[in-house]
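Enquirer: Residue numbers (this note's numbering): 7 to 438. Here a beta-carbon is modelled for each residue, glycine too, at the ideal position from N, C-alpha and C.
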């Protein structure tokens, strides 16, 4: 595309070289040709830009599909685990039902047997006959107590039969509930499986489209890498400037302190007092103490720093040099991590610090830099900002909200970096 653009520019330039002997009619013709060349050049540039935007949208869509596929895989895995867990619970309930049925059968048989044995013996007439046939009052009392115990034993057996029936009914209901729950998990896994296949098919279509436009893909990838390099360069320049400012401030403070000490010493000498002077202690760099303390606190929290967003998120690009998972021969170098979230998700400070810079960069939206002593956290891809330059912030304080991705409405992408001055750090080794 660049070659075509260059040729069109050259043709336009050559077509517009005026000829001293040219007639007004020839000049009009040349003007029209020049205008036509400019129009063609403009259209070519527009087409190149459109192709680049389309390729970038496809790359972003591919990232979104990767996120969706990972989400569906997690849903399937969780649903299958839940279904297996419910299946094991169902097996345990089925075993308990079998035991309850056997127990109920024994209780019913025992109760029926006792009823048959007592049949005819426990009628009101036979009870009175049994009591009145006793030889004395004591015997009547013993027989009455015996009849009461027999009745209570029969009632206890009846209660146990009833309780066993209720327990069996409860366990059967529990089994039916577990069966419905397991069916729901399996249906959820099946639905997620179908959606996963749809996402994979869509991914294949996007990859095929990208491969068909190999030139545009390469150009877009180069542009994305160029954006990352520009961001790196700007961050490096800001850090270098901050280091210079700190050094200048330190030197000024030391010079002021030395000047004050010299003036005090001169005043003492002029007073004519002869005192044995103690050697002065070397100047203390007090300005660096808060920074050193904060750096140590930050470093001691490695692996426990707050994650820059809360709620649901997916890391779509990790730190460092890596191959693209779907596109062969495509390698990217990431100075931080890229986090896919819903657009508008609040972004928070991972640690106490101070806003050292706020700036914009094409492709990254608004960027906020926080200083934590010698350590720096960087948040790129913000739409709205809740802080100002130089402001002190606390851990978890909202810095802004993630901007919407033009290629995927509703979705946002946060680029997050950690550095120790100019040294890039893997954020995943620091946050929890």
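Within the same chain, show all residues whose beta-carbon is closer than 8 Å to that of residue 207, passing over the 5 residues directly before and after it, in chain order.
Expert: For the purposes of this step, residue 207 is taken as the residue at position 201 of the chain shown. The answer is none, since no qualifying residue turns up.
Enquirer: Mapping DSSP to helix, strand and coil, what is residue 403?
Expert: On the chain shown, residue 403 is found 397 positions in, with the first residue counted as 1. Here residue 403 sits in coil by DSSP.
Enquirer: Chain B beta carbons: is any one of them nearer than 8 Å to that of residue 187?
Expert: Chain labels in this structure do not include chain B; a single protein chain is all it has.
Enquirer: By how many angstroms is the C-alpha of residue 166 removed from the C-alpha of residue 81?
Expert: For this step, residue 81 is matched to residue 75 along the chain shown. For this step, residue 166 is matched to residue 160 along the chain shown. Taking the straight line joining both Cα atoms gives about 45 Å.
Enquirer: Please report the Cβ distance between residue 340 and residue 316, rounded to the nearest whole angstrom; I am assuming they are in contact, meaning their Cβ atoms lie under 8 Å.
Expert: For this step, residue 340 is matched to residue 334 along the chain shown. For this step, residue 316 is matched to residue 310 along the chain shown. 22 Å between Cβ atoms; not a contact.
Enquirer: Using 8 Å as the threshold, is the C-beta distance between residue 347 and residue 418 below it?
Expert: For the purposes of this step, residue 347 is taken as residue 341 along the chain shown, with counting starting at 1. For the purposes of this step, residue 418 is taken as residue 412 along the chain shown, with counting starting at 1. Result yes, Cβ atoms of residue 347 and residue 418 sit closer than 8 Å.
Enquirer: What residues are listed by DSSP as bridge partners for residue 378?
Expert: Start at 1 with the first residue of the chain shown, and residue 378 comes out as number 372. In the DSSP output, where bridge partners are listed per residue, residue 378 has 381.
Enquirer: Would DSSP call residue 352 helix, strand or coil?
Expert: To locate residue 352, count along the chain shown from 1; it is residue 346. Three-state DSSP puts residue 352 in a strand.
Enquirer: Whether or not the stretch 387–396 and the stretch 243–261 are in contact is what I'm after, with contact meaning three or more pairs of Cβ atoms, one per stretch, closer than 8 Å; do they touch?
Expert: These segments do not touch.
Enquirer: Measure the alpha-carbon distance for residue 396 versus residue 95 and round it to whole angstroms.
Expert: Reading the chain shown from its first residue, position 390 is the one you call residue 396. Reading the chain shown from its first residue, position 89 is the one you call residue 95. If you take the alpha carbons of residue 396 and residue 95, they lie about 58 Å apart.
Enquirer: For the beta strand (DSSP E) containing residue 423, name the first residue and the last one.
Expert: Position 417 of the chain shown holds residue 423. First-last of the beta strand (DSSP E) with residue 423: 417–426.
Enquirer: Three Cβ pairs or more, each shorter than 8 Å: is that satisfied between the stretch 68–87 and the stretch 143–151?
Expert: No, the stretch 68–87 is not in contact with the stretch 143–151.
Enquirer: Taking the alpha-carbon of residue 321 as reference, which of 309, 328 and 344 has the nearest alpha-carbon?
Expert: Start at 1 with the first residue of the chain shown, and residue 321 comes out as number 315. Of the candidates 309, 328 and 344, the one whose C-alpha sits nearest the C-alpha of residue 321 is 344.
Enquirer: Quick one: what's residue 340 bridged to in DSSP?
Expert: Position 334 of the chain shown, counted from the first residue, corresponds to residue 340. The partner list for residue 340 (beta bridge, DSSP) reads 326.
Enquirer: Keeping to the same chain, check which residues put their C-beta closer than 8 Å to that of residue 20; ignore five residues upstream and five downstream.
Expert: The residue given as residue 20 occupies position 14 in the chain shown. Bear in mind that the predicted position of residue 20 carries a pLDDT of just 44, short of 50, making it unreliable; the figure below should be weighed with that in mind. So the list is empty, once near-sequence residues are dropped.
Enquirer: From the DSSP output, read off the bridge partner residues of residue 242.
Expert: Locating residue 242 in the chain shown gives position 236, counting from the first residue. Answer is none; residue 242 lacks a bridge partner.
Enquirer: Residue 239: which of 422, 367 and 215 sits nearest, CA to CA?
Expert: If you number the chain shown from 1, residue 239 lands on position 233. For residue 239, the nearest C-alpha among the options comes from 367.
Enquirer: Around the Cβ of residue 375, are there at least 16 other Cβ atoms within 10 angstroms (buried) or fewer (exposed)?
Expert: The residue labelled residue 375 in the question sits at position 369 within the chain shown. Under this definition residue 375 is a buried residue.
Enquirer: How about residue 164 and residue 109: do their beta carbons lie closer than 8 Å?
Expert: Looking up residue 164 in the chain shown gives position 158. Looking up residue 109 in the chain shown gives position 103. No, these two residues do not count as a Cβ contact at 8 Å.
Enquirer: If residue 191 and residue 98 are in contact, beta carbons under 8 Å, what's the gap, nearest whole angstrom?
Expert: Walking along the chain shown from the start, residue 191 turns up at place 185. Walking along the chain shown from the start, residue 98 turns up at place 92. 17 Å between Cβ atoms; not a contact.
Enquirer: Cα separation between residue 118 and residue 146?
Expert: Here the question's residue 118 lines up with position 112 in the chain shown. Here the question's residue 146 lines up with position 140 in the chain shown. Approximately 28 Å between the Cα atoms of the pair.
Enquirer: According to DSSP, residue 318 sits in a beta bridge with which residue or residues?
Expert: Here residue 318 corresponds to residue number 312 of the chain shown, with the count starting at 1. Answer is none; residue 318 lacks a bridge partner.
Enquirer: Please list, in chain order, all residues of the same chain as residue 76 whose beta carbon is under 8 Å from its beta carbon, the five residues on each side excluded.
Expert: Residue numbering aside, residue 76 sits at position 70 when the chain shown is read from its first letter. Hits under 8 Å: 320.
Enquirer: Output needed for residue 407: all residues of its chain with C-beta closer than 7 Å, excluding positions within five of it in sequence on either side, in chain order.
Expert: The residue given as residue 407 occupies position 401 in the chain shown. Here the set comprises 350, 351, 352, 353, 388, 389 and 390.
Enquirer: Please report the distance separating the alpha-carbon of residue 286 from that of residue 253.
Expert: In the chain shown, counting from the first residue as 1, residue 286 sits at position 280. In the chain shown, counting from the first residue as 1, residue 253 sits at position 247. Unreliable placement is indicated for residue 286, whose pLDDT of 45 sits below 50; the coordinate value is still reported in the next sentence. Distance between the alpha carbons of residue 286 and residue 253: 23 Å.
Enquirer: Return the residue from the list 103, 211, 212 and 200 that minimises the CA-CA distance to residue 179.
Expert: Locating residue 179 in the chain shown gives position 173, counting from the first residue. The residue with the shortest Cα to Cα distance from residue 179 is 103.
Enquirer: By how many angstroms is the C-alpha of residue 337 removed from the C-alpha of residue 188?
Expert: Residue mapping note: residue 188 aligns to position 182 of the chain shown, counting from 1. Residue mapping note: residue 337 aligns to position 331 of the chain shown, counting from 1. Straight-line Cα distance between these residues: approximately 43 Å.
Enquirer: Excluding the 5 residues flanking residue 426 on each side, which residues of the same chain have their C-beta closer than 7 Å to its C-beta?
Expert: Position 420 of the chain shown, counted from the start, is the residue given in the question as residue 426. Taken in chain order, the residues that qualify are 380 and 381.
Enquirer: With respect to the beta strand (DSSP E) encompassing residue 439, which residues constitute its N-terminal and C-terminal limits?
Expert: Any question about residue 439 goes unanswered here, given that the chain covers just 7 to 438.
Enquirer: Let me know the secondary structure DSSP gives residue 358 once reduced to three states.
Expert: Here residue 358 refers to the residue found at position 352 of the chain shown. In the structure shown, residue 358 sits in coil (DSSP, three-state: anything other than H, G, I, E or B).
Enquirer: Taking residue 431 as part of the beta strand (DSSP E), name the residues at either end of that continuous run.
Expert: Here residue 431 refers to the residue found at position 425 of the chain shown. Note, residue 431: beta strand (DSSP E), 429–431.
Enquirer: On the premise that residue 411 lies in contact with residue 177, defined as a C-beta separation below 8 Å, what is that separation, rounded to the nearest angstrom?
Expert: As a first step, residue 177 is located in the chain shown; it is residue number 171 there, counting from the start. As a first step, residue 411 is located in the chain shown; it is residue number 405 there, counting from the start. Going by Cβ atoms, the distance from residue 177 to residue 411 rounds to 52 Å, so no, they are not a contact pair.
Enquirer: Short check: CB of residue 342 to CB of residue 384, under 8 Å?
Expert: One-based indexing of the chain shown puts residue 342 at position 336. One-based indexing of the chain shown puts residue 384 at position 378. Against a cut-off of 8 Å, the Cβ pair of residue 384 and residue 342 comes out as a contact.
Enquirer: Mapping DSSP to helix, strand and coil, what is residue 303?
Expert: Position 297 of the chain shown, counted from the first residue, corresponds to residue 303. If DSSP states are grouped into helix, strand and coil, residue 303 belongs with the helices.
Enquirer: Opposite residue 370 in the DSSP bridges: which residues?
Expert: Taking the first residue of the chain shown as 1, we reach residue 370 at position 364. DSSP output for residue 370 lists no bridge partner at all.
Enquirer: Determine the direct distance from the alpha carbon of residue 431 to that of residue 246, and round the result to whole angstroms.
Expert: Working through the chain shown from its first residue, we reach residue 246 at position 240. Working through the chain shown from its first residue, we reach residue 431 at position 425. Going from the Cα of residue 246 to the Cα of residue 431 covers about 17 Å.
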